[in-house]
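Structure, as structure tokens:
2 protein chains.
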Amino acid sequence: MSKIAIVIFDRFTDIDLWLMWDLLNRVRVADWSVKILGDNGSHLSATGISVATQGRIEEANDADAVLFVSGQGTRDRIADADWLAKFDLNSERQMIGSICSGALILAKLGFLEGKTATTYPTTKSALEALDIEVVEKPFVAHGNVATAGGCLAQQYLIGWVVEKLADKYWSDLIVKAIQPVGEGLFFEDAEELAKLYLPRVNAAQI
Amino acid sequence: MSKIAIVIFDRFTDIDLWLMWDLLNRVRVADWSVKILGDNGSHLSATGISVATQGRIEEANDADAVLFVSGQGTRDRIADADWLAKFDLNSERQMIGSICSGALILAKLGFLEGKTATTYPTTKSALEALDIEVVEKPFVAHGNVATAGGCLAQQYLIGWVVEKLADKYWSDLIVKAIQPVGEGLFFEDAEELAKLYLPRVNAAQI
């Protein structure tokens, strides 16, 4: 059983939830579960879209991978001690990752101490203010902790998660499946892509 | 006033709505309106996410740009004469575009007649069965009609819409804003990116 938690909150960046959600939901290995977690029954995105959560954030403490989305809302989250205290994550037994300003949450939870990290350009100074060395790279992993910067760098973050929790075949396939035609994805890939539409096996029902 | 309609339906591919939605909502020009349209109050995505629509599909007939998402649900849509009959689009006065299997809808509505088009690899044969010449390119535009193939080719499709309805400055900026850090987006871009967080002016409220 692989359990993957995506943590959202109010004023999250829409695409920083949905690209990872979509990629993770293409994986067809048995007992593969992906859940959107929050501290309310729904959260409003940066563009005003209401997204229903599928579990409370405490469920992240029991997941195999915990991924934090980004958005203007991260500033409120890192100032909310009660919210931060709900997490009891452990990078010895869990993969922990972020896209863009989600790195601020990883930093506040102590997972970036002494590590380099990446984030969105507009968040660089806020992350540096938390004593993190910020590097201009799309993806930075140290053991089980990783940060990605720039929305489309979710490909690297999710590839990292899927390669470890499933395998490299699935990691490569789901990333290839979203590339532009003629630029990484080709008509001759059609047969292999059909695997992405197979029924799920024992996946958690939404 | 620029009105952009994104048409969804049941079993649409999640990322093929949300990437275009997010990109379009980054534009900060006056009177810029983006709406998700459907023939129900909500539609279920391919992964089971319920998405509320913001208007009925007939509103597309009055939009400046009409964009069709993709997904397994396109097969039902092109077989539904009542649904297709609700559209009264005109490529003389409207931009009309699709991502991936949304090209099937464009074909059924007659907008690809005698034109080359692109689509998702698994949809190539279905589009060819509608007598369309399918080419292995990420983006194909003929005047006001365009098709894009492969989820991330939405960048080209939305860039095309934004360049025409706003300008090249905004088209370039929103596409740059989602690139991976160090691969098209850089820390020195932070100041310019702040423009994407300015308040909207006279935008349609969701």
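Just so you know, the sequences run in chain order D and W. Numbering of the first sequence is given in the working numbering, commencing with residue 1 and proceeding in unit increments. Numbering of the second sequence is given in the working numbering, commencing with residue 207 and proceeding in unit increments. Cβ atoms here follow ideal geometry from the backbone N, Cα and C, with glycine treated the same way.
Same chain, Cβ closer than 8 Å to residue i, neighbours up to 5 away in sequence not counted
{"i": "D/A166", "result": "S2, V27, V29 and W32"}
{"i": "D/V175", "result": "L23, Q155, I158 and G159"}
{"i": "D/Q54", "result": "K35, I36, L37 and I206"}
{"i": "W/M226", "result": "I212, L273, V275, I305, Q360, L363 and I364"}
Beta-carbon proximity list for residue i, same chain, < 7 Å, skipping 5 on both sides
{"i": "W/E397", "result": "none"}
{"i": "D/G102", "result": "F68, V69, S70 and T74"}
{"i": "W/L399", "result": "A383"}
{"i": "W/I338", "result": "A313, L318 and A323"}
{"i": "W/D340", "result": "According to the sequence as given, residue 340 of chain W is Val; it is not Asp. Around W/V340: A323, T324, T325, K330, L333 and E334."}
Burial state of residue i (16 or more Cβ within 10 Å)
{"i": "W/N296", "result": "exposed"}
{"i": "W/V407", "result": "exposed"}
{"i": "W/L404", "result": "exposed"}
{"i": "W/S251", "result": "buried"}
{"i": "W/Y362", "result": "buried"}
Proximity winner among the options, relative to residue i (alpha-carbon distances)
{"i": "W/D282", "options": "W/D216, W/E394 and W/A211", "result": "W/D216"}
{"i": "D/D22", "options": "W/L230, W/K343 and W/I255", "result": "W/I255"}
{"i": "D/R56", "options": "D/S42, D/D64 and D/T47", "result": "D/S42"}
{"i": "W/F293", "options": "W/L243, W/A354, W/T353 and W/L223", "result": "W/L243"}
{"i": "D/A117", "options": "D/E92, D/A148, D/A126 and D/R93", "result": "D/A148"}
{"i": "D/A126", "options": "D/L173, D/L104, D/F139 and D/A81", "result": "D/L104"}
{"i": "W/D395", "options": "D/A52, D/T123 and D/N40", "result": "D/T123"}
{"i": "W/L358", "options": "W/P386, W/K370 and W/V340", "result": "W/P386"}
{"i": "W/E342", "options": "D/P138, D/K137, D/E183 and D/L173", "result": "D/E183"}
Backbone CA spacing between residue i and residue j [nearest angstrom]
{"i": "W/S377", "j": "W/V368", "result": "5 Å"}
{"i": "W/L315", "j": "W/K401", "result": "38 Å"}
{"i": "W/H348", "j": "D/L130", "result": "50 Å"}
{"i": "W/F392", "j": "D/A79", "result": "27 Å"}
{"i": "D/K115", "j": "W/Q360", "result": "35 Å"}
{"i": "D/T119", "j": "D/G150", "result": "7 Å"}
{"i": "W/I214", "j": "W/W289", "result": "12 Å"}
{"i": "D/I6", "j": "D/D64", "result": "11 Å"}
{"i": "W/E334", "j": "W/V351", "result": "18 Å"}
{"i": "W/V272", "j": "W/M301", "result": "6 Å"}
{"i": "W/I210", "j": "D/D62", "result": "42 Å"}
{"i": "W/K241", "j": "D/W18", "result": "18 Å"}
{"i": "W/K374", "j": "D/E59", "result": "45 Å"}
{"i": "W/Q411", "j": "W/N231", "result": "Low confidence applies to W/Q411: its pLDDT is 48, below 50, so where it sits in the model is not reliable enough to give any reading."}
{"i": "D/C100", "j": "D/A52", "result": "22 Å"}
{"i": "W/R299", "j": "W/K370", "result": "12 Å"}
{"i": "W/I221", "j": "W/A291", "result": "27 Å"}
{"i": "W/D245", "j": "W/A287", "result": "13 Å"}
{"i": "W/L379", "j": "D/P121", "result": "14 Å"}
{"i": "W/P169", "j": "D/P138", "result": "Nothing can be reported for residue 169 of chain W, as the shown portion of chain W is limited to 207 through 412."}
Other residues of its chain near residue i: CB distance less than 6 Å, five sequence neighbours each side excluded
{"i": "D/L106", "result": "S98 and L112"}
{"i": "D/T13", "result": "A46, S70 and G71"}
{"i": "D/V140", "result": "T116, A117, T118 and T147"}
is_contact[residue i, chain C] using C-beta, thresh 7 Å
{"i": "D/L193", "result": "You won't find chain C in this structure, because its protein chains are D and W."}
Any non-hydrogen atom of the ligand NAD within 6 Å of residue i CB
{"i": "D/L173", "result": "Questions concerning the ligand NAD fall outside what the structure shown contains, since it holds no ligand whatsoever."}
Subject >> Members of the segment 115–127 of chain D near chain W, C-beta cut-off 9 Å >> reply: Result list: T118, T119, Y120, P121, T122, T123, K124 and S125.
Original post:
Taking a cut of 7 Å between CB atoms, which residues from the segment 381–397 of chain W lie near chain D?
Top reply: Listed by position along the chain: I384, Q385, P386, V387, G388, E389, L391, F392, F393, D395 and A396.
**OP:** Scan the segment 20–37 of chain D for residues whose Cβ lies nearer than 7 Å to a Cβ of chain W and list them as they occur along the chain.
**Re:** Correct list: W21, D22 and N25.
Original post:
What are the residues of the segment 128–151 of chain D that lie near chain W, defined by any Cβ-Cβ distance shorter than 9 Å?
Top reply: Listed by position along the chain: V134, V135, E136, K137, P138, F139, A148, G149, G150 and C151.
Original post:
Got a sec: which bits of the segment 209–223 of chain W sit with their beta carbon under 9 Å from any beta carbon on chain D, in order along the chain?
Top reply: Within the segment 209–223 of chain W, T219, D220, I221, D222 and L223 place their CB atoms closer than 9 Å to a CB of chain D, listed in sequence order.
**OP:** Mind checking the segment 301–315 of chain W against chain D and listing, in chain order, the residues whose C-beta falls within less than 7 Å of any C-beta there?
**Re:** Answer in chain order: no residues at all.
Subject >> Proximal residues, the segment 253–274 of chain W versus chain D, C-beta separation under 9 Å >> reply: Shown in chain order are the members of the segment 253–274 of chain W whose Cβ falls below 9 Å from a Cβ of chain D: T253, G254, I255, S256, V257 and A258.
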